[in-house]
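A short worksheet on the structure shown next.
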Amino acid sequence: MWFLAGILLFTALAGAAWVLTQIPLPPEAPQAQTTVLYDATGHQLATLQGVENRFPVAIKDVPPVVTAAVVAAED
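Heads up: the sequence shown begins at 34 in our numbering, then just goes up one per residue.
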């Protein structure tokens, strides 16, 4: 009986310690993207880029061969 109570108490304390010591993840760092400057009429004035020239791409615009290569590399 005491053994069962001890196991139950230990499990409750361990569960409480686990819940109370959860550390939140840091926010995801934004990826640097290329900045494009336009004038009032919509014409491009300048392009500012950091180390790499990055633009967001929708998944539908990625060629199937690139998707297959990523999946093959992950397997």
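By construction, the Cβ of each residue, glycine as well, lies at the ideal position given by its N, Cα and C atoms.
- The region 73-86 and the region 48-62 do not touch, with fewer than 3 CB-CB distances between them shorter than 8 Å.
- For Val99, the secondary structure class from DSSP, reduced to helix, strand or coil, is helix.
- The shortest CA-to-CA distance from Leu78 to any of Ile56, Glu107, Thr68, Asn86 is the one to Thr68.
- Along the length of the region 34-103, whole alpha helix (DSSP H) runs at least 4 residues long occupy 35-53, reported in chain order.
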